[in-house]
Amino acid sequence: MKLKLATLAVAAVMAAAPAMAELVFPSLSYRTGPYAAGGAPFADGYADYFTLLNERDGGIGGVKTKVIECETGYNTEKGVECYESTKGEGALVYQPLSTGITYQLIPKAEADGIPLHTMGYGRTSAADGTVFKWAFNYPANYWQGASDAVDHILDINGGDIKGKKIALLYHNSAYGKEPIRTLEELSKKHGFDLSLIPVDHPGQEQKSQWLQIRREKPDYVLMWGWGVMNQVAIQEAANIRFPMDHFIGIWWSGSENDVLPAGDAANGYKALNFHAVGKDFPIFADIQKYVVDAGKAAGSGDNVGTVLYNRGLYAAMLAAEAAKKAQELSGKKDITPGDMRDGMEALEITEARMTELGMPGFGPSFKVSCANHGGPGKAAIQQWDAAAKKWTIVTDFYAPDMDVIQPLIKADAEAYAKENNITPRSCN
Amino acid sequence: MSEQFYFALEVMMNGLMAGVMYSLVALGFVLIFKASGIFNYAQGVMALFAALTLVGIQKGEIPFAHVINATFGTNLSTFGWELPSIVAIVLTAAVMILMAVLIEKYVLKHLVNQEPIILFMATIGLAFFLEGLGDLMWGSEIKKLDVGLPQGISETIETVTNNWFGYGFFIDRLDIIAAVVAAILVTSLTLFSKYTKQGRALRAVADDHQAALSVGISLRFIWVLVWSIAGFVALVAGIMWGTKSGVQFSLSLIALKALPVLMLGGFTSIPGAIVGGLIIGVGEKLFEFLVGPMVGGATENWFAYVLALVFLVFRPQGLFGEKIIERV
Chain A
1 MKLKLATLAV AAVMAAAPAM AELVFPSLSY RTGPYAAGGA PFADGYADYF
51 TLLNERDGGI GGVKTKVIEC ETGYNTEKGV ECYESTKGEG ALVYQPLSTG
101 ITYQLIPKAE ADGIPLHTMG YGRTSAADGT VFKWAFNYPA NYWQGASDAV
151 DHILDINGGD IKGKKIALLY HNSAYGKEPI RTLEELSKKH GFDLSLIPVD
201 HPGQEQKSQW LQIRREKPDY VLMWGWGVMN QVAIQEAANI RFPMDHFIGI
251 WWSGSENDVL PAGDAANGYK ALNFHAVGKD FPIFADIQKY VVDAGKAAGS
301 GDNVGTVLYN RGLYAAMLAA EAAKKAQELS GKKDITPGDM RDGMEALEIT
351 EARMTELGMP GFGPSFKVSC ANHGGPGKAA IQQWDAAAKK WTIVTDFYAP
401 DMDVIQPLIK ADAEAYAKEN NITPRSCN
Chain B
429 MSEQFYFALE VMMNGLMAGV MYSLVALGFV LIFKASGIFN YAQGVMALFA
479 ALTLVGIQKG EIPFAHVINA TFGTNLSTFG WELPSIVAIV LTAAVMILMA
529 VLIEKYVLKH LVNQEPIILF MATIGLAFFL EGLGDLMWGS EIKKLDVGLP
579 QGISETIETV TNNWFGYGFF IDRLDIIAAV VAAILVTSLT LFSKYTKQGR
629 ALRAVADDHQ AALSVGISLR FIWVLVWSIA GFVALVAGIM WGTKSGVQFS
679 LSLIALKALP VLMLGGFTSI PGAIVGGLII GVGEKLFEFL VGPMVGGATE
729 NWFAYVLALV FLVFRPQGLF GEKIIERV
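For the protein sequence lines, the chains are A and B, in the order given.
Be aware that the first sequence starts at 1, since it is given in the numbering used here, and climbs by one per residue.
Be aware that the second sequence starts at 429, since it is given in the numbering used here, and climbs by one per residue.
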């Protein structure tokens with residue numbers, strides 16, 4: 001009896017003791033629904049990186065990390081519900097993984113004092129840190145992506161694309177329309193003809209669009225698509241015998257999912273990317289050892305090294321590095337979302353640091369600042385090899401034309417500030 | 429003739445082909461609605477489930493491998509075989525029949541003589557269940573479906589039209605196959621419905637459950653039969669659409685393309701599904717070609733519904749639907 005009482009007492013004391021501090025990183029994922037094939041590998045990569053840190057390094061600065069997954073189904077309403085239901089659990093930074101959810105969360109996160117990281121998606125003008133104090137979209141955004149794509153076309157045409165015809169095939173949504181303004185400005189600057197070809201959601205039927213492309217014979221087609229729109233577009237391009245190496249997708253139109261269904265016909269298709277592909281990096285040996293082989297992988301492990309897995313991994317690495325920076329700046333291990341924001345704003349990713357992390361050359365070096373939450377916007381071109389079933393990075397990282405983009409970012413951020421009565425802060 | 433005219437003609441022909449693809453999905457809805465008065469919300473998901481199962485069986489994937497691996501720490505993925513397409517299609521059809529039996533046993537049997545809205549709600553539940561089951565059984569990644577159907581431009585048509593008109597028409601070979609398959613399906617189903625004992629029984633059940641029961645028709649058998657046929661039609665639709673885009677969970681959204689077809693053709697007419705599909709296909713493509721550029725494009729989705737609504741104003745039962753007169 002005494003033993004039982006003593007056991008109960010110990011259990012009660014343990015239950016009442018404060019929980020060990022954890023660094024909480026919510027993951028608004030979508031593993032179900034029409035876009036699951038894209039959401040699952042990203043979520044796996046994001047979760048596996050934090051598992052690796054816990055298992056190999058004991059967390060960040062000695063504090064364990066915790067990933068809370070919440071299923072959004074890529075649905076904006078559910079995404080907001082996920083945010084509301086997890087923000088009270090010590091969330092340090094949100095990665096909404098949807099432009100629609102991002103637009104809803106920008107004012108909420110600002111009011112709650114929790115930073116957002118919309119890596120390669122979301123509201124482009126969030127790159128302006130003077131207006132968007134709590135939102136970050138480094139290392140690249142859509143406008144920079146549009147400029148990088150044009151840079152590539154300039155590159156392969158000896159710097160002269162005057163009179164060339166470029167068509168933009170885009171998802172008829174806020175996301176798909178993002179690059180239009182930038183491309184219109186670039187078309188004025190470089191003298192190319194731009195034609196705009198929208199595709200309605202979800203994009204399963206694109207016959208009209210590809211008949212138009214077959215007739216107009218553009219020299220290049222750029223694509224801003226997601227989900228089934230990508231696979232159908234690549235198949236239809238093959239159907240009309242459009243040269244695949246003249247078909248360039250944004251980074252959300254360049255995963256294995258997008259090209260595999262078309263088989264050999266997808267050979268040569270190109271897409272932008274702001275990080276490395278494949279698993280020829282030392283970090284993957286650690287992921288295999290500490291995460292996959294240990295049975296702690298978020299998925300079945302067969303996604304490791306795919307484009308979207310690597311993107312999730314890269315996003316997690318950037319979040320972890322910002323948390324580490326926040327610990328240094330605040331002088332405490334158990335950081336708050338406010339500390340995290342400061343860490344993100346002071347983040348510097350160098351080649352030396354990426355090498356130290358087992359990810360040499362995985363992405364461009366860059367530095368975030370108070371005024372620039374958008375990073376350098378550099379992206380390289382990856383090309384699909386259908387026989388080997390793999391992507392290969394075939395160019396260096398292109399630097400976007402900030403002379404064109406910066407005024408657009410400034411104008412959009414100022415308009416947002418005016419609409420929302422925000423006084424831009426000084427970053428001097 | 430001007431190039432503009434030939435292009436319009438090409439758009440129209442491709443519209444007809446796209447319409448056939450919509451009709452393949454609409455057919456499944458019509459069959460079930462005809463036999464039981466149920467608007468089967470799960471028809472799109474049935475096409476997805478059938479296509480997932482087909483790829484899984486063909487490639488020898490182990491069902492529920494992800495769940496088994498996560499639970500027991502195993503590393504299962506495939507049985508190590510690859511089946512010929514025809515065998516995989518037959519086995520998938522058998523799975524769809526089994527599914528029809530289970531749906532009748534666990535869902536429909538308990539809802540005899542309930543209001544149509546109750547049955548409709550049950551099919552919503554069924555859609556969610558099948559989507560989740562498909563995910564658990566076969567995983568959520570996009571799969572390539574290859575049952576040997578040709579894809580890409582028909583070079584024969586391109587060459588012939590080029591020789592005749594000086595303008596090479598684009599027609600996708602997959603669309604031609606879909607048109608032939610749809611024609612065979614509609615003819616067989618119409619003959620079945622009109623001239624076989626089961627077909628007549630099916631129509632009797634559609635008219636009145638209780639009256640059909642009173643003359644000795646087995647309601648349960650008819651329901652299994654009709655859900656099996658609808659399952660087979662879903663498999664055909666899943667093969668055609670899955671070949672085009674890969675088998676993925678957005679396949680369930682093809683149901684959205686079938687709705688205006690049903691509204692226009694009528695919920696109870698098998699030929700109506702085809703004619704409705706053709707009208708919607710041609711209408712949306714020509715509208716996109718003629719008016720799209722003036723309004724910023726991407727008109728196809730909403731135009732299909734507007735066109736169907738216009739028809740509804742004049743024929744609420746659709747072009748070929750039965751006029752329902754209820755006397756109080």
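The beta-carbon is built from N, C-alpha and C at its ideal position, and this holds for glycine as well.
- Interface annotation, B:Ala516: not in contact with chain A, CB-CB separation never under 8 Å.
- Interface residue (Cβ-Cβ distance to chain B less than 8 Å): A:Gln288 is not classified as such.
- Spanning the alpha carbons of A:Met402 and A:Leu186 requires a straight line of approximately 11 Å.
- Think of a sphere of 7 Å around the beta carbon of A:Pro179: no beta carbon from chain B falls inside it, the nearest being about 16 Å out.
- The Cβ atoms of A:Phe50 and A:Val67 sit closer than 8 Å to each other.
- The C-beta of A:Pro218 comes no closer than 8 Å to any C-beta of chain B.
- Listed along chain A, the residues sitting closer than 7 Å to B:His494 by beta-carbon distance are Ser300.
- Residue contact check for A:Pro26 against chain B: no CB pair falls below 8 Å.
- With its beta carbon less than 8 Å from one in chain B, A:Asn239 belongs to the interface.
- The stretch 474–493 of chain B makes contact with the stretch 663–679 of chain B: 3 or more CB pairs, one atom from each, lie closer than 8 Å.
- The beta carbon of B:Ser430 sits no closer than 8 Å to any beta carbon of chain A.
- Within chain A, the residues Ser300 have their CB atoms less than 7 Å from the CB of B:Asn497, given in chain order.
- Contact annotation: in the stretch 433–446 of chain B, residues whose CB is within less than 9 Å of a CB in chain A are Phe435, Glu438, Val439, Asn442, Gly443, Met445, Ala446.
- If you check the CB distance, A:Leu53 and A:Ile60 come in under 8 Å.
- Residue B:Asn503 holds the alpha-carbon nearest to the alpha-carbon of A:Ala297 among B:Gly488, B:Phe433, B:Asn503.
- Take A:Ile381, set aside five residues on each side of it, and the residues of its chain with a beta-carbon closer than 6 Å to its own are His152, Lys270, Val394, Thr395, in chain order.
- Setting aside the 5 residues that flank it on each side, A:Phe397 is surrounded in the same chain by Pro364, Lys378, Ala380, each with a C-beta closer than 6 Å to its C-beta; the list follows chain order.
- For A:Ile161, the secondary structure class from DSSP, reduced to helix, strand or coil, is coil.
- Taking 7 Å as the upper bound on Cβ-Cβ separation, chain B lies near residues Ile197, Pro198, Val199, Asp200, Pro202, Gln204, Glu205, Lys207, Ser208, Leu211, Arg214, Arg215 of the stretch 193–226 of chain A.
- No Cβ-Cβ contact shorter than 8 Å links B:Ala607 with B:Val453.
- For B:Glu431, the secondary structure class from DSSP, reduced to helix, strand or coil, is helix.
- The CB of B:Ser673 comes closer than 8 Å to the CB of Gln204, Val228, Gln231, Val232, Gln235, Pro261 in chain A, given here in chain order.
- Closer than 7 Å at the C-beta level to chain B, one finds these residues of the stretch 25–46 of chain A: Arg31, Thr32, Gly33, Pro34, Ala36, Ala37, Ala40.
- For A:Gly158, no chain B residue has a C-beta closer than 7 Å to its own C-beta; the minimum C-beta separation is roughly 32 Å.
- Listed by position along chain B, the residues whose Cβ is nearer than 8 Å to that of A:Asn172 are Gly725, Ala726.
- Fully enclosed alpha helix (DSSP H) runs of no fewer than 4 residues occupy 683–693, 698–718, 720–723 of the stretch 669–740 of chain B, in order along the chain.
- For B:Met722, the number of other beta carbons within 10 angstroms of its own is below 16, and it is reported as exposed.
- Residue B:Gly700 holds the alpha-carbon nearest to the alpha-carbon of B:Val614 among B:Ala516, B:Ile599, B:Asp603, B:Gly700.
- When CB distances to chain B are screened at a threshold of 7 Å, the residues of the stretch 252–286 of chain A falling below it are Asn257, Leu260, Pro261, Gly263, in chain order.
- Neighbours of A:Gly295 in chain B, taken as residues whose beta carbon is under 8 Å from its own, are Gly501 in chain order.
- A distance below 6 Å between beta-carbons, with the five flanking residues on each side excluded, links B:Pro544 to the following residues of its chain, in chain order: Gly465.
- Bounds of the beta strand (DSSP E) holding A:Phe247 are 247–249.
- Not flagged as an interface residue toward chain A: B:Gln542, since no C-beta distance is shorter than 8 Å.
- With respect to chain A, the C-beta atom of B:Phe477 has no partner C-beta closer than 8 Å.
- Residue environment analysis places A:Cys82 among the buried positions, since at least 16 neighbouring C-beta atoms fall within 10 angstroms of its C-beta.
- For B:Phe649, no Cβ of chain A is located within less than 8 Å of the residue's own Cβ.
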